[in-house]
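Q:
Residue numbers (my numbering), protein chains in the order written: chain A, 114 to 365; chain B, 114 to 365.
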């Protein structure tokens, strides 16, 4: 299925968010990764100017957000609901890593609508809410500091969804892209550079062909790594040629 | 090399950040993923109470942050500097995806200190700054809305670094984890359930062994998927047994 269509079937559900700024940040995070459906369960304050401010250009996601009284209402019609949980619960679905679970989410999205459920900033999801979900994700944070911002958590999950929907290789925006100035150098052009370099080094006495040592292989290793372009070869050979010119010590 | 040691060799460099809140958000994002070294190049305002507020428990990262006058100064001693860039530049290193580049960063971190360089919120990195870096990353955002928050960009990159340092399987915090109540059921226990179920269904007339159809395979498919635990088998067989008891219609 088309990756953008798959992403359009993912809904982000925020349960009882306390800070309107985080709602805006979530909307912005979603839109940067191609998600657009936002459901808010009992938000403390919404709509709110702070949410609009933090959403920047993603106010359209806020404008189309749906507010519900309960998570059950938010999950109506979904074929899969995945909870974000900071830890494995005694009761509740088994917890997977984001990268593992987003693939299952996209498989489910082939068949219908999927929800990604985030809890309140301070207390997370209740046990009753977790049990409405069929699967759970824990983001593998630093065990000594696992205090991930809500907007950041939404950002990470939406990013993983986008990566998975595009098989780890989403296209990069072409807006404002200017192509590299030059084409790759051919083998002959690169060999021409080496020959020219060896000639100059020999003329200047830096290189002694009778005692070559490892200088030439080292230079090949260096320039071999950088995948030279034609223009770059021309520049380098221009520099070399200039050192050979009789007027190289300045204009007369 | 130890993953935490590798992560400790990564420095986040923020060039000319305008909003102190983003500095705090970056510090928090870093610490959740096990990074701790922050360098600020000409921050508009630092230290700043807004940075402290957004950092929450990561104020230690802010307190140990280094402020420099130039990116060149910030990169002193680094074996690799990787720029975050919203687009491929005409001049500048070739752009890779985060997932590809963080692996190269960790290889470099085996040998020394590595910098991850982020530009200003509005204008990004200058061409001169980009050219101080040997590699670049573009986060593959939605081409129609690529406006990623600075803190979110730091969060995504630090997350990818942590995932890569731990070979995609960082340990999850065990704080507050309670183990599942029961051990997995054995084959014999699961078969005992199926036999019990078949018996009850036959007794009640729901299942006719002379015309079995696909009922039994369907039940096996259902329960086979859920990897039943011993306690769950006991619960299910308890329910079945109760339907068979002579007092099942109520207490006498």
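Cβ coordinates follow ideal geometry from the N, Cα and C atoms, glycine included.
With a threshold of 6 angstroms on Cβ separation, who are the neighbours of residue 150 (chain B) within its own chain once the five nearest residues in sequence on each side are excluded?
A: Within the same chain, residue 150 (chain B) has close Cβ partners 124.
Q: Report, in whole angstroms, the separation of the C-beta atoms of residue 165 (chain B) and residue 172 (chain B), which I expect to be a contact under 8 angstroms.
A: That belief holds up - the Cβ atoms of residue 165 (chain B) and residue 172 (chain B) are roughly 6 angstroms apart, short of 8 angstroms.
Q: Let me know the secondary structure DSSP gives residue 290 (chain A) once reduced to three states.
A: The predicted position of residue 290 (chain A) is uncertain, since its pLDDT is 43 and thus under 50; a value taken from the coordinates is nonetheless stated next. Three-state result, residue 290 (chain A): coil.
Q: Can you grab the Cα-Cα spacing for the pair residue 323 (chain B) / residue 213 (chain A), in whole Å?
A: Cα-Cα distance, rounded: 44 angstroms.
Q: So with CB distances below 7 angstroms, who are the chain B contacts of residue 258 (chain A)?
A: Chain B residues near residue 258 (chain A): 144, 145, 170 and 171.
Q: What's the C-alpha gap between residue 208 (chain A) and residue 253 (chain B)?
A: About 27 angstroms.
Q: I'd like to know whether the C-beta of residue 272 (chain B) is nearer than 7 angstroms to at least one C-beta of chain A.
A: It does: the Cβ of residue 272 (chain B) has a partner Cβ on chain A nearer than 7 angstroms.
Q: From what residue to what residue does the beta strand (DSSP E) around residue 124 (chain B) run?
A: Element bounds for residue 124 (chain B): 123 to 128.
Q: Going by beta carbon distance, what residues of the same chain come within less than 7 angstroms of residue 269 (chain A), once the five residues before and after it are set aside?
A: Hits under 7 angstroms: 211 and 252.
Q: Would residue 69 (chain A) be called buried (16 or more neighbouring beta carbons within 10 Å of its own) or exposed?
A: For chain A, the structure presents residues 114 to 365; residue 69 (chain A) sits outside this window and is missing.
Q: Around the C-beta of residue 133 (chain B), are 16 or more other C-beta atoms found within 10 angstroms, so that it is buried, or is it exposed?
A: Result: buried.
Q: Name the residue from B:236, B:223, B:168 and B:198 whose alpha carbon lies nearest to the alpha carbon of residue 121 (chain B).
A: Of the candidates B:236, B:223, B:168 and B:198, the one whose C-alpha sits nearest the C-alpha of residue 121 (chain B) is B:223.
Q: Does DSSP put residue 345 (chain A) in a helix, a strand or coil?
A: Reduced to three states, the DSSP call for residue 345 (chain A) is helix.
Q: Identify the continuous alpha helix (DSSP H) that holds residue 142 (chain A) and give its terminal residues.
A: Taken as a continuous stretch (DSSP letters only), the alpha helix (DSSP H) holding residue 142 (chain A) covers 133 to 145.
Q: Count the other CB atoms within 10 Å of the CB of residue 167 (chain A); is the residue buried (16 or more) or exposed (fewer)?
A: Answer is buried; the Cβ neighbour count reaches 16.
Q: Which residues does DSSP pair with residue 150 (chain B) in a beta bridge?
A: B:124, per the DSSP bridge assignment.
Q: Quick check on residue 352 (chain A): does DSSP put it in helix, strand or coil?
A: In this structure, residue 352 (chain A) counts as helix in the three-state DSSP scheme.
Q: Which residues in chain B have a C-beta closer than 9 angstroms to the C-beta of residue 284 (chain A)? List them in chain order.
A: Chain B residues near residue 284 (chain A): 253 and 256.
Q: Count the other CB atoms, across all protein chains shown, that sit within 10 Å of the CB of residue 148 (chain A); report buried if there are 16 or more and exposed otherwise.
A: So residue 148 (chain A) counts as buried.
Q: Quick one: grab the DSSP three-state call for residue 297 (chain A).
A: Three-state DSSP puts residue 297 (chain A) in a strand.
Q: Going by the CB atoms, is the gap between residue 192 (chain B) and residue 225 (chain B) shorter than 7 angstroms?
A: Cβ distance < 7 angstroms, so residue 225 (chain B) and residue 192 (chain B) count as in contact.
Q: Relative to the C-alpha of residue 77 (chain A), which candidate in A:163, A:141 and A:206 has its C-alpha closest?
A: Absent from the model: residue 77 (chain A). The displayed extent of chain A is 114 to 365, so no value can be given.
Q: Quickly, what does DSSP pair residue 250 (chain B) with across the bridge? List them, please.
A: Paired residues: B:197 and B:209.
Q: With burial defined as no fewer than 16 other Cβ atoms inside 10 Å of the residue's Cβ, what is the status of residue 197 (chain B): buried or exposed?
A: Residue 197 (chain B) should be labelled buried.
Q: Can you tell me the Cα-Cα spacing of residue 218 (chain A) and residue 170 (chain A), whole angstroms?
A: Straight-line Cα distance between these residues: approximately 27 angstroms.
Q: As a quick exercise: from B:155, B:335 and B:221, pick the residue whose alpha carbon is nearest that of residue 118 (chain B).
A: When each option's Cα is compared against that of residue 118 (chain B), the closest is B:221.
Q: Are residue 178 (chain A) and residue 264 (chain A) touching if we call contact CB-CB under 7 angstroms?
A: Going by C-beta atoms, residue 178 (chain A) is not nearer than 7 angstroms to residue 264 (chain A).
Q: Whose C-alpha, out of A:127, A:144 and A:131, is nearest the C-alpha of residue 256 (chain B)?
A: If we check each option's Cα against that of residue 256 (chain B), A:144 comes out closest.
Q: Could you name the residues of chain A that residue 281 (chain B) contacts, counting a contact when the two beta carbons are closer than 7 angstroms?
A: Neighbours of residue 281 (chain B) on chain A, chain order: 212.
Q: Using a C-beta to C-beta distance shorter than 7 angstroms, which residues of chain A count as neighbours of residue 261 (chain B)?
A: Going along chain A in sequence order, the residues near residue 261 (chain B) (Cβ under 7 angstroms) are 145.
Q: Out of A:325, A:275 and A:236, point me to the one whose CA is closest to residue 259 (chain B)'s CA.
A: Minimum Cα distance to residue 259 (chain B) is reached at A:275.
Q: For residue 242 (chain B), collect the residues of the same chain with a Cβ closer than 8 angstroms to its Cβ; drop the 5 residues on either side in sequence, then sort them by chain order.
A: Taken in chain order, the residues that qualify are 128, 184, 196, 230 and 232.
Q: When you compare the CB positions of residue 206 (chain A) and residue 247 (chain A), do they come within less than 7 angstroms of one another, or not?
A: Their beta carbons are under 7 angstroms apart, which means residue 206 (chain A) touches residue 247 (chain A) by this criterion.
Q: Drop a sphere of 10 angstroms on the beta-carbon of residue 337 (chain A), count the other beta-carbons inside from all chains shown, and report buried for 16 or more, exposed for fewer.
A: The residue is exposed, with fewer than 16 neighbouring Cβ atoms inside 10 Å.
Q: Thinking just about the alpha-carbon of each residue, which of B:153, B:130, B:298 and B:326 is nearest to the one in residue 176 (chain B)?
A: Comparing Cα positions, the closest option is B:153.
Q: Please state whether DSSP places residue 229 (chain A) in a helix, a strand or coil.
A: DSSP places residue 229 (chain A) in strand when its eight states are reduced to three.
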